[in-house]
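Per this note's numbering, the sequence shown starts with residue 157, numbered consecutively. For every residue, glycine included, the Cβ atom is placed at its ideal position computed from N, Cα and C.
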Amino acid sequence: MNYSHRFWLYGPVSLFAILMLGVVAYWFVASHEVSRKLEALNGHEIAPGITMGFAHKTMAGFPFRVDGELDGFRVTLATSHGPAVWTAEKFAFHSLTYGRTQYVFEAAGQQTLTWHKDDGSQRRYRFLPGLLRASMIAGHGELSRFDLEAIDVDSPELSATQFQAHLRKNPRIDALDFNVTANGVRIADDLKPAFGPDLKLFHAEGLISPGTSFDRLLEGKGDWRAAAEDWRKRDGGVLVKAVALNWGNLDIAGKGALTADALHRPKGALEMKIANWQPLLKAAQERGWIKGSNGGLAAGFLAFADAAPSGGSLNATLGFQDGIFSVGSIPADTLAPLY
157 MNYSHRFWLY GPVSLFAILM LGVVAYWFVA SHEVSRKLEA LNGHEIAPGI TMGFAHKTMA
217 GFPFRVDGEL DGFRVTLATS HGPAVWTAEK FAFHSLTYGR TQYVFEAAGQ QTLTWHKDDG
277 SQRRYRFLPG LLRASMIAGH GELSRFDLEA IDVDSPELSA TQFQAHLRKN PRIDALDFNV
337 TANGVRIADD LKPAFGPDLK LFHAEGLISP GTSFDRLLEG KGDWRAAAED WRKRDGGVLV
397 KAVALNWGNL DIAGKGALTA DALHRPKGAL EMKIANWQPL LKAAQERGWI KGSNGGLAAG
457 FLAFADAAPS GGSLNATLGF QDGIFSVGSI PADTLAPLY
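As structure tokens, this is what we get:
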């Protein structure tokens, strides 16, 4: 065998071996760098106002991904009313070793959310998901898209067959697009759901502008409250292109626009069309449930419906003004600051 024949025999094998050694070396460097950053961030802020911690870490994913599995995962978000905390028994992330910056997150086991109301009292929500995952795409040093999905959420307080939330930077205008959908929601009677325990469908989509108010937040360099205040001062708004609910026997659809006032309370209006409302009103009249104003969403709706013509769909404006939530001209409840 001459030397040229040996080259064609051993050359490709040697080249493949060199490439594989490069892949191995690159993966170990990338995995070690991610592991080092996780250890440095454990128990510290990963962005202004957001703290992350975990009890135990395992790295995996060779050769094309960098995967991390975190036990006892915890994220704390600073708010004006007190810390909001999410804890997960198990949390995992997956990122591609090559190509665009993209991450997939998964959580399993018991999940707990705690937060504080505006009066300082603490609330807690525990749930067990059949599936809880999210993904994010980053470009030019900032988050450009985020997707969240939960399936078969089990909880005695609030359960759901499916929940999805999507957020992305609009490629054409200065805005963030959002889309939220929930199916098969079951609300515990103890929470006194306005129109019954079964929320079969909730859907909302629209955009938040200006989107550049949230640039530093999406870069992980700014506090979310500072971003919200910049958005408000720039006459920011939320355009609700569509909202739909199938709650109890009610079919509700609408659209509108919202913003925040100087005290950070919701401000604006949603124009709603409500079908199949007559049986609910009739039952309320028979049971003496119509209480008038300032009794919450259900009471405000029933008082408004009681004064409306009985035929056809009911058109109602949900108003948010000067700290008061109203159904038509009926004051229903007070509004707390958003941040």
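Coil, strand or helix - residue i by DSSP
i	result
Leu299	strand
Ala454	helix
Pro366	coil
Pro487	strand
Ser291	strand
Arg342	strand
Leu373	helix
Lys447	coil
Leu323	strand
Lys411	strand
Ala234	coil
Glu385	helix
Ala133	In the structure as shown, the chain begins at 157 and stops at 495. Residue 133 is therefore absent and cannot be evaluated.
Arg328	coil
Ala203	strand
Trp380	helix
Arg192	helix
Asp308	strand
Ala263	strand
Asp462	helix
Leu419	coil
Gly479	coil
Leu284	strand
Leu347	helix
Length of the line joining the Cα atoms of residue i and residue j
i	j	result
Trp433	Ala338	22 Å
Leu314	Lys356	13 Å
Leu453	Gly404	14 Å
Tyr259	Asn450	46 Å
Asp489	Ile480	6 Å
Arg192	His200	14 Å
Asp379	Phe319	26 Å
Leu107	Arg289	In this structure the chain extends from 157 to 495, so residue 107 is not present and cannot be described.
Glu427	Ile206	36 Å
Asp345	Phe457	19 Å
Lys389	Ala216	45 Å
Asp478	Val222	50 Å
Met208	Tyr281	19 Å
Val190	His250	11 Å
Leu202	Glu375	With the sequence shown as reference, residue 202 is identified as Ile, and Leu is not the correct amino acid for it. Each residue's alpha carbon lies about 11 Å from the other.
Leu233	Arg381	11 Å
Ala464	Thr317	35 Å
His420	Leu494	6 Å
Ala455	Ala263	39 Å
Met292	Ser300	8 Å
Inter-residue CB distance, residue i and residue j (contact presumed, cutoff 8 Å)
i	j	result
Leu197	Lys213	Contact doesn't hold; Cβ gap of about 11 Å is too wide.
Lys429	Ser466	Between Ser466 and Lys429 the Cβ distance is about 16 Å, and since that is not below 8 Å, they are no contact.
Gly484	Ala472	5 Å
Leu323	Phe302	5 Å
Val366	Ala418	The question names Val, but residue 366 is Pro in the sequence shown. Pro366 to Ala418, Cβ: 18 Å. No contact.
Ala425	Phe358	With a Cβ gap of about 19 Å, Ala425 and Phe358 do not count as contacting.
Arg230	Phe261	With a Cβ gap of about 14 Å, Arg230 and Phe261 do not count as contacting.
Glu298	Asp371	7 Å
Buried versus exposed call for residue i [16 or more other C-beta atoms within 10 Å across all chains shown]
i	result
Ala181	With a pLDDT of 44 at Ala181, under the threshold of 50, the modelled position of this residue cannot be trusted; read the value that follows with caution. The residue in question, Ala181, is exposed, as its Cβ has fewer than 16 Cβ neighbours within 10 Å.
Pro502	Given a span of 157 to 495 for the chain in the structure shown, any question on residue 502 remains unanswerable.
Ser236	exposed
Arg279	exposed
Ser277	exposed
Gly392	buried
Leu406	buried
Lys423	buried
Gly295	exposed
Pro327	exposed
Val225	Contrary to the premise, residue 225 reads as Glu rather than Val in this sequence. It counts as buried.
Leu496	The first residue shown for the chain is 157 and the last is 495, placing residue 496 beyond what the model contains.
Gly362	buried
Leu373	buried
Lys348	exposed
Ala248	buried
Asp275	exposed
Gly410	buried
Val185	Unreliable positioning characterises Val185 in this predicted model, as indicated by a pLDDT of 44, which lies under 50. A coordinate reading is not provided.
Chain B contact for residue i (CB, 8 Å cutoff)
i	result
Leu269	Checking the listed chains, one finds no chain B in this structure; it contains a single protein chain.
**Q.** Cβ contact (3+ pairs, closer than 8 Å) linking the stretch 260-272 and the stretch 282-299
**A.** yes
Q. Do the stretch 237-254 and the stretch 400-418 meet, that is, are 3 or more Cβ pairs less than 8 Å apart?
A. no
Q. Does the stretch 294-310 touch the stretch 384-398, meaning 3 or more C-beta pairs lie closer than 8 Å?
A. no
(Q) Would the stretch 392-400 count as touching the stretch 438-446 if we require 3 or more Cβ pairs under 8 Å? (A) no
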